[in-house]
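Those protein sequence lines, which keep their order, are chains A and B. To convert, take the position in the first sequence, counting from 1, and add 566; that gives the numbering used here. To convert, take the position in the second sequence, counting from 1, and add 56; that gives the numbering used here.
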Amino acid sequence: MFEARLAQSAILKKVLEAVKDLLTEATFECSDSGIQVQAMDNAHVSLVSLNLRSDGFDKYRCDRNLSMGMNIGTMTKILRCASSEDTVTLRAWDNPDNIIFIFESQNKEKLSEYEMKLINMDQEHLGIPETVYSCVVKMPSQEFARICKDLSQFGEAITIACSKEGIKFTAAGDYGNANIKLAQTAEADKEEEAVIIDMQEPVKLTFACRYLNSFVKATPLCAQVKLSMSGDVPLVCEYQIGDIGHIRYYLAPKIDD
Amino acid sequence: MSQRSITSFFTRT
């Protein structure tokens with residue numbers, strides 16, 4: 567049997583909102599250690615890696631490893647039926663055809679059950695090598711979302727240049743160009759407002775706006791986002807999910823033809 | 057500019 571319970575469905579609701587633009591379906595690998603999802607978007611340009619540790623759940627039981635193929639659109643619809651304060655329980659039997667989502671209101675007076683059919687999926691699992699990145703930037707996630715949105719008006723791609731002094735975002739298009747520079751924070755009163763740059767060597771990489779704007783849908787999950795970059799390797803855009811895990815987005819850089 | 061597939065950066069397991 568598999569059963570995982572969260573005291574508040576808000577986290578799971580936010581996780582679904584953070585992946586639904588990129589993924590139509592995904593396999594949820596459930597084991598004793600937790601739930602893992604690794605899936606690419608349809609165009610195979612980006613990869614989403616989600617990790618929810620079992621110890622972060624209020625109740626977690628997984629008698630045997632399960633691979634459950636889920637339709638992300640349906641799952642998003644189901645999670646939207648839960649109130650943020652509802653308790654959510656995911657339940658499946660061994661060799662399941664279905665997964666059950668159970669929402670219970672705080673006063674325990676409303677109990678909703680949604681059963682979703684699982685799908686058989688050919689899955690391609692990718693090994694992600696351990697990488698030491700040239701630049702690792704931590705910055706407020708809302709600021710990153712704002713920059714991606716603002717610069718998307720000017721072009722289809724954003725160039726990110728990172729040096730010791732700061733991080734510069736540039737977009738250029740037919741109507742003009744724009745750039746936004748953020749300096750490393752000297753002294754931040756609040757940790758979540760800080761811009762912190764850990765640089766081994768400067769990098770300059772260009773990424774498609776479309777994907778960055780999908781990644782920032784994870785903004786409600788965490789006040790800070792971590793961007794890890796090295797020359798000619800995928801960007802890693804990471805959001806912590808409370809004390810339970812993280813979501814990482816990998817995006818291949820654009821290259822000159 | 058062109059876009060490489062993410063699969064070209066990682067190994068299939």
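Idealized CB from N, CA, C, for every residue including glycine. In this text the structure is predicted, and so the values were computed from the model without any measurement.
- With a threshold of 16 other beta carbon atoms within 10 Å, Gly797 of chain A falls short and is exposed.
- In the same chain as Ser729 of chain A, and ignoring 5 residues on each side of it, the C-beta atoms closer than 6 Å to its own belong to Pro768, in chain order.
- Rounded to whole angstroms, the Cβ separation of Asn743 of chain A and Thr736 of chain A is 7 Å, and the two are in contact under 8 Å.
- The Cβ atoms of Ala818 of chain A and Cys775 of chain A lie no closer than 8 Å to each other.
- Only residues of its own chain outside the window of five on either side were considered, and among them Glu591, Ala592, Thr593, Phe594, Ile665, Met682, Leu684, Ile685 have a CB closer than 8 Å to the CB of Met636 of chain A, listed in chain order.
- Secondary structure at Glu651 of chain A: coil, using DSSP grouped into helix, strand and coil.
- Taking 8 Å as the threshold, the shortest C-beta distance from Glu690 of chain A to chain B falls below it.
- Using a CB distance cut-off of 8 Å, Tyr816 of chain A counts as an interface residue toward chain B.
- Listed in chain order, the non-local C-beta contacts of Ile668 of chain A below 6 Å within the same chain comprise Thr655, Glu679, local neighbours out to five positions each way being set aside.
- Around the beta carbon of Val698 of chain A, a 10 Å sphere encloses fewer than 16 other beta carbons of the protein chains shown; the residue is thus reported as exposed.
- Secondary-structure assignment with DSSP links Ser796 of chain A through no beta bridge to anything.
- The beta-carbon distance between Gly732 of chain A and Leu717 of chain A, rounded to whole angstroms, is 16 Å. This is too long to meet the 8 Å contact definition.
- Identification of residues in the region 716-728 of chain A having a C-beta nearer than 7 Å to some C-beta of chain B yields Ala723, given in sequence order.
- Per DSSP, the continuous alpha helix (DSSP H) segment holding Val581 of chain A begins and ends at 576-585.
- Put simply, the backbone Cα of Glu690 of chain A is about 34 Å away from that of Glu709 of chain A.
- The beta-carbon distance between Val702 of chain A and Asp764 of chain A, rounded to whole angstroms, is 4 Å. This is short enough to meet the 8 Å contact definition.
- By the neighbour-count criterion, in which a residue is buried when 16 or more other Cβ atoms sit within 10 angstroms of its Cβ, Met57 of chain B is exposed.
- At least one C-beta of chain B is nearer than 8 Å to the C-beta of Gly693 of chain A.
- Taken atom to atom, the span from the alpha-carbon of Cys714 of chain A to that of Ser620 of chain A is near 33 Å.
- Of the candidates A:Glu804, A:Asn673, A:Ala760, A:Asp598, the residue whose Cα lies closest to the Cα of Phe568 of chain A is A:Asp598.
- In terms of Cβ geometry, Met634 of chain A and Pro662 of chain A form a close pair [threshold 8 Å].
- Along the region 602-631 of chain A, going in chain order, the ones with a CB nearer than 9 Å to a CB of chain B are Met606, Asp607, Ala609, His610, Val611, Ser612, Leu613.
- When 9 Å is used as the limit between beta carbons, Asp822 of chain A is near these residues of chain B: Met57, Ser58, in chain order.
- CA-CA distance, Gly693 of chain A to Val585 of chain A, rounds to 20 Å.
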